[in-house]
Amino acid sequence: MLVRLLYVSRSVKPETPEETESILNSSREHNIGNGITGVLCFGGGIYLQAIEGGRNQVNALYTHIVKDPRHKDVVILAYEEITERRFGGWTMGHVRLDKLNPSIVLKYSETPELDPYGVSGNVSFALLEELMATASIVGRA
Ligand SMILES: Cc1cc2nc3c(=O)[nH]c(=O)nc-3n(C[C@H](O)[C@H](O)[C@H](O)COP(=O)(O)O)c2cc1C
């Protein structure tokens, strides 16, 4: 039974490359053994993350991530049972939102600043689909 969870949060401090590197490193180490795949978007004080995998594994990871003191205001945007993975190629792909072409974000929102808190989970997921289609997601070795 596969599920996908999408959430948004705010970084407690302005994210640094060291912080995101450390998050991506633990994701890679932990996710591969637990069959978790997904994508983490960050920038402008926002994290938008999709995690997918077995229901127990996704729920356990989410309850773990939610306690991480590096972020706050964690809100689930979508949770669904899925028949296939969307981000199966990444133990945790990543996207720097502040490096994106603003027109990609503008396509799905009123302003070029991404605000997943202000749009539906479907819209945020459509943005992730667009990031896939435009090859904006960077993988991990
Ligand atoms: C925005 C965000 C996303 C994260 N995503 C993951 C993830 O996908 N997988 C993971 O293992 N840890 C992730 N973490 C890190 C975990 O919260 C935690 O720090 C890490 O798993 C190490 O946990 P431990 O100190 O209990 O070993 C994320 C943290 C943040 C702030």
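Mapping the sequence shown onto the working numbering, position 60 (from 1) lands on 60, and the numbers just tick up by one. C-beta atoms are modelled at their ideal positions from N, C-alpha and C, and glycine is treated no differently. Model, not experiment: these values are computed from the prediction.
- For Tyr7, there is no enclosing alpha helix (DSSP H); the enclosing beta strand (DSSP E) covers residues 2-11.
- If you look at Arg96, you'll find it in the beta strand (DSSP E) that goes 93-96.
- Annotation: Tyr117 is outside any alpha helix (DSSP H) and is labelled neither H nor E by DSSP.
- Here the alpha carbon of Val3 sits roughly 22 angstroms from the alpha carbon of Asp68.
- A residue is called buried when at least 16 other Cβ atoms come within 10 angstroms of its Cβ; His94 meets this threshold and is buried.
- Per DSSP, reduced to three states, the secondary structure at Val138 is strand.
- In the structure shown, Leu77 falls within a strand segment according to DSSP collapsed to helix, strand and coil.
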